[in-house]
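Residue numbers (my numbering): 2 to 130.
Written out as structure tokens, the structure reads:
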């Protein structure tokens with residue numbers, strides 16, 4: 002994919018998680034009252050940037066799909082991603098070895114920011130070139 006597509010994918014990933022949660026809440030009847038509208042199908046996501054190079058707020062829209070099936074397919078991919086992350090976390094906890102947790106590159110994760118605070122050798126470390 003192009004760099005713009007990658008940036009859009011990364012930036013919309015968390016919004017897709019929220020869309021998945023909203024879909025599940027609505028389906029279970031446990032969603033907020035303003036979401037429980039008969040026939041409502043979450044389709045559009047909007048990412049707001051409060052500033053830009055022009056010092057003006059901008060937004061990006063993402064269409065999850067024209068049909069319920071397309072939207073469900075997109076959200077099912079997010080569900081699979083989250084399930085994989087959860088299974089990986091459970092496996093790491095089962096190992097009970099802090100060195101087994103390899104640094105990730107997820108922008109929302111703080112593992113790469115806090116790793117330098119640990120004593121060398123007690124957590125995973127990137128090999129020096």
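Glycine included, each C-beta is placed from N, C-alpha and C at the ideal position.
Computed from a predicted model, the values in this text were never measured in an experiment.
Check whether residue i and residue j have beta carbons under 7 Å apart
i           : j           : result
residue 100 : residue 125 : yes
residue 51  : residue 58  : yes
residue 22  : residue 79  : no
residue 69  : residue 113 : no
Proximity to residue i [Cα-Cα], best of the options
i           : options               : result
residue 45  : 29, 103, 19 and 7     : 19
residue 77  : 9, 8 and 14           : 14
residue 122 : 98, 89 and 109        : 98
residue 128 : 114, 108, 104 and 110 : 104
residue 25  : 72, 88 and 111        : 72
residue 110 : 86, 54 and 31         : 86
residue 63  : 75, 53 and 55         : 75
Backbone secondary structure at residue i - three-state DSSP
i           : result
residue 44  : coil
residue 128 : coil
residue 31  : coil
residue 97  : coil
residue 23  : helix
residue 11  : helix
residue 85  : helix
Cβ distance (whole Å) where residue i is taken to contact residue j below 8 Å
i           : j          : result
residue 49  : residue 16 : Not a contact, Cβ separation roughly 10 Å.
residue 117 : residue 11 : Contact doesn't hold; Cβ gap of about 24 Å is too wide.
residue 9   : residue 83 : Wrong, their Cβ atoms sit about 19 Å apart, outside the cutoff.
Identified DSSP bridge partners for residue i
i          : result
residue 62 : 47
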